[in-house]
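Enquirer: I am attaching a structure below and will ask some questions about it afterwards.
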């Protein structure tokens with residue numbers, strides 16, 4: 011295994027007095043994918059949100075290249091690409107506008123040239139000028155995935171990326187993921203389906219544990 | 013107390029009603045929650 | 391979490407309150423009996439306000455406690471947001487209605503004082519108006535802390551509100567004073583005089599001490615209840 | 067800084083796509099204001115006397131009315147997560163949201179108010195003063211209202227709760243805003259009032275972005 015970039019040690023999260031998971035440790039090197047599995051409510055989303063610093067974990071630490079990410083949260087956020095349950099797209103903006111706005115909100119330079127390849131990758135070129143409001147669930151999901159690709163961030167955090175995608179779109183996503191990993195990127199994805207990556211590691215999150223109040 | 017006794021007494025009465033009401037409702041809520049806790053077999057932790 | 395603070399841990403708070411509450415209740419009751427005697431029978435009528443001065447013995451301490459109560463909410467809010475003391479949230483939840491209660495007592499007794507002295511139940515006096523706005527801030531805090539399905543979220547939102555509110559209180563006070571001098575004829579007697587005679591000061595301070603004990607007693611009782619209630623909610627979530 | 071500009075631009079573009087949302091708020095302002103003469107009676111001197119207070123109160127209500135959706139829309143479609151994950155301070159994002167809100171609410175209200183002031187029989191100089199006080203005062207309303215909107219994000223009955231939280235905190239701005247107009251009309255110190263109004267805006271600018279950011283982080287948890 012390559013030297014780990016991301017090291018998570020002894021992570022524990024509690025929601026509303028209930029312990030979702032505890033003593034969670036793993037590390038991830040360049041080009042590696044970690045698939046989070048487990049039943050509904052086992053804490054996959056909570057773990058992703060904790061990794062993105064959206065939730066403050068009770069204990070534990072997250073290190074990137076040896077530095078605690080909580081020490082420089084803005085630098086850490088700059089390394090993340092996020093895909094949640096919600097797409098994070100504005101219904102009144104077009105596909106292209108949404109993607110460009112999301113890039114600009116990350117403080118990135120104008121993404122005009124990269125936009126086309128992201129659109130092509132997810133077969134969105136024809137839809138580029140359509141308002142989000144008029145698109146189907148799968149088309150919206152594809153736009154959100156194009157947003158992830160566009161960030162060029164080293165670590166992708168994906169919550170059920172294959173949701174609502176048809177077979178060609180799933181293939182497109184697998185291709186994008188493979189080239190992200192091939193170029194040394196990392197990905198952590200909560201998923202029920204196979205992401206088609208050889209040598210992917212899996213972390214099964216257990217049953218919700220009883221809290222000792 | 014002569015002329016203003018009405019106002020003085022009603023002021024004390026108002027204070028009694030509000031603060032006494034707070035006390036009684038606090039005690040009642042405490043009893044209710046304790047009863048529900050023991051109904052679920054959860055002992056009060058000391 | 392390490393117990394940085396004496397009361398940070400609910401179990402430890404519980405031991406503390408169980409030791410204190412019985413004697414505190416007795417002390418409050420005894421002091422109240424003496425205080426009422428001092429305030430209603432023993433003290434002489436004021437040369438200016440007559441018997442209505444007796445309203446001051448409840449009114450003024452209530453105002454102090456209402457303001458101190460909001461400061462307490464802000465302190466608890468800071469302690470929750472910065473150090474994440476689990477008890478701070480529960481105590482704030484317990485203290486807000488108590489503070490609002492004292493605020494209401496202050497407003498109503500002030501209004502009953504105003505009728506004989508000013509000839510009206512409500513006058514837009516600067517102090518009364520500020521107190522009314524403080525009451526609204528309390529209402530907002532209570533409503534916000536109970537507006538969420540997830541109680542933690544309500545606790546933390548209310549904590550932020552309390553901190554912003556405590557920054558705003560002096561500003562509100564200042565602007566209401568300014569507004570009052572613009573609009574109010576200056577002839578009305580102010581609540582409380584510039585110099586206070588000892589015959590009035592003694593019952594005033596006595597009642598202040600009594601009501602302070604009552605405030606503490608109420609907050610302790612209600613915090614205890616909130617701890618149990620939170621355990622109950624947690625138990626329900628896991629069931 | 068580029069993120070700040072991008073967020074303001076995005077919000078303005080979203081409003082541009084749905085101009086009706088702003089139009090409704092401004093229409094509310096106009097209708098609410100015109101109800102006062104109908105309720106109080108058409109005596110010119112009474113109306114001129116209450117005009118500043120009425121217009122300020124109506125502007126306050128109109129501003130609050132539109133704040134309900136300030137963060138709720140982003141919260142519901144997931145773009146709030148993207149703001150939380152942006153690699154620049156969330157305090158700036160909070161400020162950008164309030165800034166965009168002010169441009170589409172405070173600014174039009176300040177322009178519209180003198181027109182309504184004419185109907186209340188105000189002098190031209192007073193009309194100008196009214197507009198000036200709204201220009202200086204409405205940013206505070208947007209900031210305080212933004213805080214209330216962030217605090218009530220995801221709460222039950224958030225609309226009424228938002229007003230309950232924001233209104234007491236807006237009292238100083240209301241007092242000095244309406245007071246400034248009245249001071250000008252009655253020969254008081256207009257400039258002192260405006261100075262205090264500006265000071266209130268600075269205090270709000272210095273405190274609310276942090277509080278809004280803290281509230282938004284909690285909403286994300």
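Chains as they are written, first to last, in our numbering: chain A, 11 to 223; chain B, 13 to 58; chain C, 391 to 629; chain D, 67 to 287.
Beta carbons are placed, not taken as given, at the ideal position from N, Cα and C, and that holds for glycine.
A quick note: this is a predicted structure, and the numbers were derived from the prediction, not measured.
With DSSP as the reference, please indicate the residues paired to residue 78 of chain A in a beta bridge.
Expert: In the DSSP output, where bridge partners are listed per residue, residue 78 of chain A has A:73.
Enquirer: Is residue 505 of chain C helix, strand or coil by DSSP?
Expert: In the structure shown, residue 505 of chain C sits in a helix (DSSP, three-state: H, G or I).
Enquirer: At a CB-CB cut-off below 8 Å, which residues of chain B make contact with residue 542 of chain C?
Expert: What residue 542 of chain C touches in chain B: nothing, since even the nearest Cβ is about 18 Å away.
Enquirer: I believe residue 48 of chain A touches residue 170 of chain A by the beta-carbon criterion, under 8 Å. Please report the beta-carbon distance rounded to the nearest angstrom.
Expert: No, residue 48 of chain A and residue 170 of chain A are not in contact; Cβ-Cβ is about 12 Å, not under 8 Å.
Enquirer: Is it right to say residue 28 of chain B is buried, meaning 16 or more other beta carbons lie within 10 angstroms of its own, or is it exposed?
Expert: Classification of residue 28 of chain B: exposed, given that the 10 Å Cβ count is below 16.
Enquirer: Relative to chain C, which residues along the stretch 238-256 of chain D have a C-beta separation below 7 Å, given in chain order?
Expert: Going along the stretch 238-256 of chain D in chain order, one finds 238, 241, 242 and 245 with a Cβ nearer than 7 Å to chain C.
Enquirer: DSSP three-state call for residue 255 of chain D: helix, strand or coil?
Expert: Three-state DSSP puts residue 255 of chain D in coil, outside helix and strand.
Enquirer: Here's the rule: buried if 16 or more other CB atoms are within 10 angstroms of the residue's CB, otherwise exposed. What is residue 223 of chain D?
Expert: Burial call: exposed.
Enquirer: Mind checking residue 77 of chain A: buried by the 16 CB within 10 Å criterion, or exposed?
Expert: Exposed is the call here.
Enquirer: Taking the continuous alpha helix (DSSP H) assigned at residue 126 of chain A, which residues delimit it?
Expert: That run of the alpha helix (DSSP H) goes 122-131.
Enquirer: Tell me whether residue 92 of chain A sits in a helix, a strand or coil according to DSSP, three-state version.
Expert: Note: residue 92 of chain A maps to strand in three-state DSSP.
Enquirer: Let me make sure I understand the geometry here. Which of D:230, D:275 and D:225 has the alpha-carbon closest to that of residue 132 of chain D?
Expert: Ranking D:230, D:275 and D:225 by Cα distance to residue 132 of chain D puts D:225 first.
Enquirer: Quick check: the Cα distance between residue 228 of chain D and residue 151 of chain D, rounded to an integer number of angstroms?
Expert: Computed Cα separation, rounded: 26 Å.
Enquirer: Which two residues bound the contiguous alpha helix (DSSP H) that contains residue 443 of chain C?
Expert: Run containing residue 443 of chain C: 443-473, per the alpha helix (DSSP H) assignment.
Enquirer: From what residue to what residue does the alpha helix (DSSP H) around residue 82 of chain D run?
Expert: Per DSSP, residue 82 of chain D belongs to the alpha helix (DSSP H) from 68-83.
Enquirer: By the 10 Å Cβ neighbour count, where 16 or more other Cβ atoms means buried, how is residue 476 of chain C classified, buried or exposed?
Expert: So residue 476 of chain C ends up on the buried side.
Enquirer: Between the Cα of residue 182 of chain D and the Cα atoms of D:283, D:282 and D:99, which residue gives the shortest distance?
Expert: Among D:283, D:282 and D:99, the Cα nearest to that of residue 182 of chain D is on D:99.
Enquirer: Specify the secondary structure class of residue 169 of chain A as computed by DSSP and reduced to three states.
Expert: Looking at residue 169 of chain A - three-state DSSP - the assignment turns out to be strand.
Enquirer: If you follow the alpha helix (DSSP H) that residue 97 of chain A is part of, which residue opens it and which one closes it?
Expert: Residue 97 of chain A -> no alpha helix (DSSP H), and no H or E assigned at all.
Enquirer: On the DSSP bridge list, what partners appear for residue 198 of chain A?
Expert: In DSSP, residue 198 of chain A forms a bridge with A:44 and A:167.
Enquirer: Determine the closest residue to residue 107 of chain A out of A:96, A:126 and A:89, with distance taken between C-alpha atoms.
Expert: Nearest of A:96, A:126 and A:89 to residue 107 of chain A, Cα basis: A:126.
Enquirer: Evaluate residue 500 of chain C with the Cβ neighbour count: other Cβ atoms within 10 Å of its Cβ, from every protein chain shown; 16 or more gives buried, anything less gives exposed.
Expert: Its Cβ being crowded by 16 or more others within 10 Å, residue 500 of chain C is buried.
Enquirer: Return the residues of the stretch 213-237 of chain D that lie within a Cβ-Cβ distance of less than 8 Å from chain C, sorted by chain order.
Expert: Result list: 213, 217, 218, 220, 221, 222, 223, 224, 227, 230, 231, 233, 234, 235 and 237.
Enquirer: Using three-state DSSP, classify residue 37 of chain A as helix, strand or coil.
Expert: In this structure, residue 37 of chain A counts as strand in the three-state DSSP scheme.
Enquirer: What does a CB cutoff of less than 7 Å around residue 462 of chain C pick up in its chain, not counting 5 residues either side in sequence?
Expert: 485, listed in sequence order.
Enquirer: Strictly by DSSP, which residues pair up with residue 21 of chain A?
Expert: For residue 21 of chain A, which the question treats as bridged, DSSP gives the partners A:34.
Enquirer: Residues of chain B with a CB under 8 Å from the CB of residue 568 of chain C: which are they?
Expert: Simply none; closest approach about 29 Å.
Enquirer: Would residue 569 of chain C pass as a contact of residue 241 of chain D if the rule is Cβ separation under 8 Å?
Expert: Yes, these two residues count as a Cβ contact at 8 Å.
Enquirer: Would you list the one or two residues that DSSP bridges to residue 230 of chain D?
Expert: Answer by DSSP bridge pairing: none, since residue 230 of chain D is not bridged.
Enquirer: With DSSP run on the structure shown, which of helix, strand or coil describes residue 141 of chain A?
Expert: It is a strand residue.
Enquirer: Rounded C-beta distance between residue 612 of chain C and residue 411 of chain C? I'm assuming under 8 Å.
Expert: 11 Å between Cβ atoms; not a contact.
Enquirer: In the structure shown, what three-state DSSP assignment does residue 58 of chain B receive?
Expert: Confidence at residue 58 of chain B is low in this model, with a pLDDT of 45, below 50, so its placement is unreliable and no value can be given for it.
Enquirer: For residue 112 of chain A, I'd like the list of residues in its chain whose CB is within less than 6 Å of its CB, leaving aside the five on either flank, ordered along the chain.
Expert: Around residue 112 of chain A: 157.
Enquirer: Tell me which residues of the stretch 493-506 of chain C have at least one Cβ-Cβ distance to chain B shorter than 8 Å, keeping chain order.
Expert: Result list: 494, 495, 498, 499, 502, 503, 505 and 506.
Enquirer: Can you name the start and end residues of the beta strand (DSSP E) that residue 199 of chain D belongs to?
Expert: Where residue 199 of chain D is concerned, there is no enclosing beta strand (DSSP E), although the alpha helix (DSSP H) it sits in stretches over 190-217.
Enquirer: Give me the chain D residues within the contact set of residue 140 of chain A, using Cβ-Cβ distance strictly less than 9 Å, ordered along the chain.
Expert: None at all; the shortest Cβ gap to chain D is about 14 Å.
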